[in-house]
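Numbering (the working numbering), first residue to last: 5 to 634. In this text, a Cβ means the ideal position worked out from N, Cα and C, and glycines have one as well. Only a predicted model underlies this, so the values are computations on that prediction, with no experimental measurement involved. Report on the following structure.
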């Protein structure tokens with residue numbers, strides 16, 4: 005390894021102040037006008053510290069070019085003390101440049117870094133002849149040893165950081181080739197697995213538009229009827245679909261349906277949409293009777309909106325038949341009833357007909373455009389991870405973090421993590437996003453544990469990932485690929501991710517827990533049955549949702565709820581993580597209650613890997629992180 009470049013090491017301000025005080029004492033005790041510390045560079049030497057005597061002509065920061073025969077050059081070259089009693093009568097020194105300052109007497113000692121690189125000199129100068137008694141010279145040597153001891157401390161600190169970086173680089177160079185091969189192989193496995201998952205996704209969806217296909221929509225209706233759930237069935241028929249397909253092509257009409265779906269999301273939070281054929285779609289919604297006519301009217305207006313196919317402006321001729329589910333009616337009868345209603349609507353020349361329905365409307369942001377851009381982002385590798393530290397409440401050190409998926413689109417702007425996950429689950433991209441997040445988080449953690457062996461990386465997983473029969477195997481492969489111990493990984497799941505298939509979720513999480521991976525229940529307290537899950541699942545920790553922390557300073561109910569949750573978790577021997585801490589009052593409250601980890605903007609927002617690494621490494625070398633990302 006190369007030695008640390010000592011010229012780049014800065015002297016801390018406090019140390020400079022100590023040197024200044026030392027020089028003032030030295031100047032007063034020996035009774036000389038000037039006491040200096042000089043620092044040498046490549047081509048010159050600078051007055052680094054100077055006694056504050058009014059008779060001292062040497063100003064801090066003043067420089068002299070080297071190779072002029074200065075006192076200090078001789079001291080450094082010969083690596084020993086130099087004493088000149090009177091340069092005026094000394095042939096060797098009577099032309100010394102220091103005589104310009106009327107300094108005829110000189111006593112100097114060399115200062116060296118621990119690697120024998122010269123730092124400069126410690127010296128005293130006098131305007132009159134001075135033989136510098138042995139006691140004074142002994143005092144100078146004492147200061148010399150003190151300064152070099154401080155230089156040694158600075159050097160060791162800088163050298164430690166330098167060697168750490170060199171070691172990291174060496175490890176990276178040594179393992180790069182193997183990692184490249186393993187990553188290529190793993191990427192191939194991911195691509196194959198993603199392809200398999202896409203095939204599974206397309207079993208239930210119309211490939212061209214993303215609507216549920218007839219098999220899936222029928223299955224959904226069957227489940228609603230089986231569970232005796234009341235719902236509204238809206239059959240939407242596009243009367244001019246064949247004409248559009250003939251003139252502009254099937255692909256053009258599919259694009260119009262996608263745009264229609266996008267407009268639909270602006271007027272209603274539709275839970276299920278399916279495509280029955282080339283000219284018909286089906287909507288399944290829960291609603292009330294009072295608002296259903298308004299919704300049907302909106303559906304008709306959406307069809308009359310301007311659409312573009314092959315640069316030609318056109319509209320969709322839409323007819324809507326709405327029926328209300330009835331107890332005891334079969335799926336086939338209900339679908340036939342909806343079809344008959346839309347046929348009746350078209351025959352009567354109405355835009356919509358309601359048989360027996362009720363339904364609310366709720367506006368939401370259009371998601372289709374975001375879905376299309378998201379697909380491009382996944383293919384182009386435009387996603388990235390940010391990391392938010394988890395902080396120890398005792399010493400405020402970063403002992404873990406949560407990896408959060410991020411996407412900044414040039415037109416749409418920043419898309420939140422939860423929106424990304426919801427979209428990905430709907431359009432089948434959750435496997436690619438989940439694999440991306442896990443792979444990058446595990447790879448990053450494998451690098452950081454070289455510096456902090458107990459560091460824990462937390463990654464969110466979705467309900468769809470828990471249903472993947474290959475999920476546990478995939479985690480094992482990633483841990484082996486990047487040589488990350490299982491104890492350094494934590495998977496965070498929400499209650500919604502457990503509800504859909506409890507037996508499968510319990511089996512999957514138990515396997516992961518047996519591997520040594522920590523399992524955390526995220527957003528604790530927001531679900532209706534969270535306490536039940538603490539007994540069913542192998543959780544190691546729980547995260548108290550930030551909604552309870554936001555008003556904890558003023559809301560006594562939130563205080564009592566948080567205290568109760570912490571007490572229950574402690575009795576179940578679970579670690580408690582509190583998220584959303586944004587000020588010191590909130591911090592003081594949860595610390596008093598004995599939580600284990602804190603997460604929030606008080607310490608840092610989610611930041612890039614580079615910024616996180618700077619804070620993580622810095623806290624180990626000089627204490628806790630010296631900056632907050634707020």
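Test item: CB-CB of residue i and residue j under 7 angstroms
i           : j           : result
residue 235 : residue 290 : yes
residue 38  : residue 171 : no
residue 465 : residue 497 : yes
residue 118 : residue 83  : no
residue 201 : residue 19  : no
residue 487 : residue 450 : yes
residue 101 : residue 74  : yes
residue 277 : residue 304 : no
residue 467 : residue 494 : no
residue 51  : residue 40  : yes
residue 215 : residue 391 : no
residue 541 : residue 513 : yes
residue 283 : residue 245 : yes
residue 359 : residue 395 : no
Coil, strand or helix - residue i by DSSP
i           : result
residue 326 : strand
residue 608 : strand
residue 109 : strand
residue 345 : helix
residue 549 : coil
residue 254 : helix
residue 370 : Confidence is the limiting factor: at residue 370 the pLDDT is only 46, short of 50, which leaves the residue's position unreliable, though a coordinate-based value still follows. DSSP places residue 370 in coil when its eight states are reduced to three.
residue 633 : Any reading at residue 633 must be qualified, since the residue scores a pLDDT of 34, below 50, and its modelled position is unreliable; the value itself is stated next. If DSSP states are grouped into helix, strand and coil, residue 633 belongs with the strands.
residue 393 : strand
residue 556 : coil
residue 6   : With a pLDDT of only 39 at residue 6, under the threshold of 50, the placement of this residue in the model should not be trusted; the figure read from the coordinates follows. In the structure shown, residue 6 sits in coil (DSSP, three-state: anything other than H, G, I, E or B).
residue 486 : coil
residue 619 : helix
residue 359 : coil
residue 603 : strand
residue 114 : strand
residue 146 : helix
N-terminal and C-terminal residue of the beta strand (DSSP E) that residue i is part of
i           : result
residue 307 : From DSSP, residue 307 is part of no beta strand (DSSP E) but of the alpha helix (DSSP H) over 296–308.
residue 67  : 67–69
residue 524 : 522–528
residue 42  : 38–44
residue 284 : 284–289
residue 24  : Here residue 24 belongs to no beta strand (DSSP E); instead the alpha helix (DSSP H) covers 17–34.
residue 581 : 579–583
residue 239 : 236–242
residue 281 : It is not in any beta strand (DSSP E) - residue 281 carries neither H nor E in the DSSP assignment.
residue 125 : 122–130
residue 52  : 48–54
residue 316 : 316–318
residue 312 : 311–313
Cβ neighbour criterion (16 or more within 10 Å) applied to residue i
i           : result
residue 60  : buried
residue 551 : exposed
residue 603 : buried
residue 520 : exposed
residue 221 : buried
residue 591 : buried
residue 230 : exposed
residue 614 : exposed
residue 194 : buried
residue 63  : exposed
residue 635 : Residue 635 is absent from the model: the chain starts at 5 and stops at 634.
residue 620 : buried
residue 561 : exposed
residue 254 : exposed
Where the alpha helix (DSSP H) containing residue i begins and where it ends
i           : result
residue 77  : 75–82
residue 595 : 588–596
residue 209 : Element bounds for residue 209: n/a, residue is neither H nor E.
residue 514 : 506–518
residue 221 : 218–230
(request) Jot down the residue ranges of each uninterrupted beta strand (DSSP E) in the region 404–482, minimum 3 residues, whole runs only, in chain order. (result) Qualifying beta strand (DSSP E) stretches, in chain order: 417–419, 460–464.
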